[in-house]
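Residue numbers (my numbering): 29 to 195.
Note sheet for the following structure.
Below you can see the structure in the form of structure tokens.
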């Protein structure tokens, strides 16, 4: 299973299309909010998407919960969980919905960690990164109870790759 995750593109529709076309092998494409596009924008077609604090279109859901190959995926922007201060609120919500993986944005800070056997990934921002100078997104795959997170720049250059072993 391959999951392409991006967030915080803030009106740049072209970068969504560019990144999506760079990874045609992705089984699922996710946008974690603040696209600042209309919900039915053609570049968002086929993308699981949620509402960020800068998205005005109220048709975006605040959360998405779905299954891919037996893994429960939870997606939210993060602003409703105060992720700029702590991921604990998001962690508790992930426990409530029994998520195996949590994808979120809002802080514009790229990161990945395993918390209590659940993967948490913030793909950073493809427009205004914080914490580093590189615009970023992530590709996640899971094989035989190992999550592999690969972060890329907006130009498709690898930033890092991390592996997380599930219990």
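Think of the CB as a built atom: it goes at the ideal place given N, C-alpha and C, for glycine as much as any other residue.
Look at residue 104 here: in three-state DSSP terms it is strand.
Pairing residue 176 with residue 190, the inter-Cα distance amounts to about 6 Å. Approximately 6 Å separates the beta-carbon atoms of residue 119 and residue 143; this is inside 8 Å, confirming the contact. The Cβ-Cβ distance between residue 156 and residue 134 does not fall below 7 Å. Within the region 97 to 164, the runs of alpha helix (DSSP H) that reach at least 4 residues and sit entirely inside it are, in chain order, 116 to 124. At least 7 Å separates the beta-carbon of residue 149 from that of residue 122. Taking C-beta separations shorter than 6 Å and ignoring five residues to either side along the sequence, the partners of residue 66 in its chain run 85, following chain order. Comparing alpha carbon positions, the residue from 179, 171, 182, 112 closest to residue 98 is 171. With a cut-off of 8 Å on Cβ pairs, the region 110 to 118 is not in contact with the region 62 to 78, counting fewer than three such pairs. Under the criterion of beta carbons closer than 8 Å, residue 31 and residue 187 do not qualify as touching, at roughly 17 Å.
Approximately 6 Å separates the beta-carbon atoms of residue 91 and residue 78; this is inside 8 Å, confirming the contact.
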